[in-house]
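Reviewing the structure listed below.
Residue numbers (the working numbering), protein chains in the order written: chain E, 1 to 108; chain X, 1001 to 1177.
Have a look at this one:
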């Protein structure tokens, strides 16, 4: 699911030795859907259940946040990111901030 | 002679947004009670169907694999891991307006609010099932170090039309050699 670099949320990489840590790398993005989508999701919310368009919105945003984190790690010359954590916060209604962070390492 | 039509034209163009807003308001005041009645009648059934669907998918996946692929442990007990990578799944899940009403009434009495517990548990089960399906689709044998986050899509104090939580499950997919 992640291209170009090894990303795990464990502290170590199974089968590999971490030789050097290169500090914390992070990527974040704030995204919102347009008003039309907000209205249709509001209508769907009356009936309850899953809000498919918001799920898609968060999935796309998360891909972007992870992509930025990976780009930062690669610019530092890392070969892997370990101990990745995700955080989500809603800035206002309908706009969400997705934040991914981890430790860039050299592993072999 | 041509003045009155122009005045009327300008006025009507200026009034058009307000007219549209009024029409929308009238439609909303008729349509919302109808949708609320529909939600009262069928939202409980919809929630039960959702829970049944998630449970049946979970059982069939567990039977085909012979085990549950998710673990919250770090995975240190297996040494024959050849490949790994992060895997995640999220779902935005909300209670219906009827369930919100039940929850508000229940909140006055106090005690456990079973309806919200049921809704959030359904969303969480769905997110975990999607994580399992994602892991299988990406070719991982197991998912170790699974973490589950829940965040509010409608923070306190914001003017929000949508009441929902996002359940996000992630972990490290591993392949055994």
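Idealized CB from N, CA, C, for every residue including glycine.
In this structure, does DSSP put residue i in helix, strand or coil?
i, result
"residue 1114 of chain X", "helix"
"residue 11 of chain E", "coil"
"residue 5 of chain E", "coil"
"residue 1142 of chain X", "strand"
"residue 1007 of chain X", "helix"
"residue 1119 of chain X", "helix"
"residue 1031 of chain X", "helix"
"residue 78 of chain E", "coil"
"residue 1046 of chain X", "helix"
"residue 1136 of chain X", "helix"
"residue 62 of chain E", "helix"
On a CA-only basis, which of the options is nearest residue i? Give me that one, please.
i, options, result
"residue 53 of chain E", "X/1091, X/1167, X/1130, X/1146", "X/1091"
"residue 70 of chain E", "E/13, E/45, E/101", "E/101"
"residue 949 of chain X", "X/1151, X/1124, X/1162, X/1175", "In the structure displayed, chain X extends from 1001 to 1177; residue 949 of chain X sits before or after that span and is not available."
"residue 78 of chain E", "E/66, E/104, E/36, E/55", "E/104"
"residue 1162 of chain X", "E/89, E/4, E/44, E/20", "E/44"
"residue 1050 of chain X", "X/1120, X/1017, X/1033, X/1104", "X/1120"
"residue 1144 of chain X", "X/1137, X/1164, X/1171", "X/1171"
Per DSSP, residue i is paired with what?
i, result
"residue 101 of chain E", "E/26, E/85"
"residue 1168 of chain X", "X/1090, X/1149"
"residue 1084 of chain X", "X/1174"
"residue 18 of chain E", "E/107"
"residue 1070 of chain X", "X/1143"
"residue 73 of chain E", "BP columns for residue 73 of chain E are empty, so no partner."
"residue 1022 of chain X", "DSSP, once it has assigned bridges, lists no residue as partnering residue 1022 of chain X."
"residue 96 of chain E", "E/31, E/90"
| message | With three or more C-beta pairs closer than 8 Å as the rule, is the segment 85-99 of chain E touching the segment 29-49 of chain E? | response | Touching, per the Cβ criterion.
Any 3 or more C-beta pairs closer than 8 Å across the segment 47-67 of chain E and the segment 1084-1099 of chain X: Touching, yes, given that three or more Cβ pairs across the two stretches are closer than 8 Å.
What runs of the alpha helix (DSSP H), each 4 residues or longer, lie entirely inside the segment 26-55 of chain E?
As far as the segment 26-55 of chain E is concerned, its whole alpha helix (DSSP H) runs of at least 4 residues are 35-47.
With a threshold of 8 Å, are at least 3 pairs of Cβ atoms found where one atom belongs to the segment 76-84 of chain E and the other to the segment 6-21 of chain E?
The segment 76-84 of chain E, when compared against the segment 6-21 of chain E, does touch it at the 8 Å Cβ threshold.
The segment 1116-1132 of chain X / the segment 1063-1074 of chain X touching (three or more Cβ pairs under 8 Å)
Contact holds between the segment 1116-1132 of chain X and the segment 1063-1074 of chain X, because three or more Cβ pairs, one in each stretch, are under 8 Å apart.
* To do: Could you tell me whether the segment 1047-1064 of chain X touches the segment 1008-1019 of chain X, using the rule of 3 or more Cβ pairs below 8 Å?
  => Verdict: no, contact absent.
| said: Across the segment 16-28 of chain E and the segment 1095-1112 of chain X, are there enough close Cβ pairs to call them in contact, namely three or more that are closer than 8 Å? | reply: Contact fails: fewer than three Cβ-Cβ distances are below 8 Å.
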